[in-house]
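Visitor: The opening residue of the sequence shown carries number 34 in the numbering used here; numbering runs sequentially from there.
Ideal placement from N, C-alpha and C gives every residue a C-beta, glycine not left out.
Note that the structure is a prediction, hence the values are computed from the model and not measured.
My structure is below; once you've seen it, I'll send some questions.
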Amino acid sequence: MLIALEKHGALKGAVMGIARILRCHPFVRGGYDPVPDHFTIFRNKSARDQYRKSMHLK
34 MLIALEKHGA
44 LKGAVMGIAR
54 ILRCHPFVRG
64 GYDPVPDHFT
74 IFRNKSARDQ
84 YRKSMHLK
């Protein structure tokens, strides 16, 4: 959440951080979820896919 606040400011960073925390439950597939460069409340799918490919997980 701190990185989101640094990158996107107080309001957008807080919204992004809260959205990321709400995704932390047993019914969501976990994994690498870095803070994206643009504002969004959705998971950073491109970074996750790149990470999985580099780790030969896909």
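DSSP three-state call for Ile51: helix, strand or coil?
Guide: Position 18 of the sequence shown, counted from the first residue, corresponds to residue 51. Look at Ile51 here: in three-state DSSP terms it is helix.
Visitor: Quick one: what's got a C-beta closer than 7 angstroms to Asp66's C-beta in the same chain, skipping five residues either side?
Guide: To locate residue 66, count along the sequence shown from 1; it is residue 33. So the qualifying residues of the chain are Arg53, Arg76, Asn77 and Arg81.
Visitor: How many Å lie between Gln83 and Ile74 at the Cα?
Guide: By 1-based counting over the sequence shown, the position of residue 83 is 50. By 1-based counting over the sequence shown, the position of residue 74 is 41. Between Gln83 and Ile74, the C-alpha separation is close to 19 angstroms.
Visitor: From Asp70 to Lys40, what distance separates their C-alpha atoms?
Guide: As a first step, residue 70 is located in the sequence shown; it is residue number 37 there, counting from the start. As a first step, residue 40 is located in the sequence shown; it is residue number 7 there, counting from the start. When rounded, the distance between both Cα atoms is 8 angstroms.
Visitor: Between the Cα of Leu55 and the Cα atoms of Ser79, Met34, Lys86 and His89, which residue gives the shortest distance?
Guide: Residue numbering aside, residue 55 sits at position 22 when the sequence shown is read from its first letter. Of Ser79, Met34, Lys86 and His89, the residue nearest in Cα terms is Met34.
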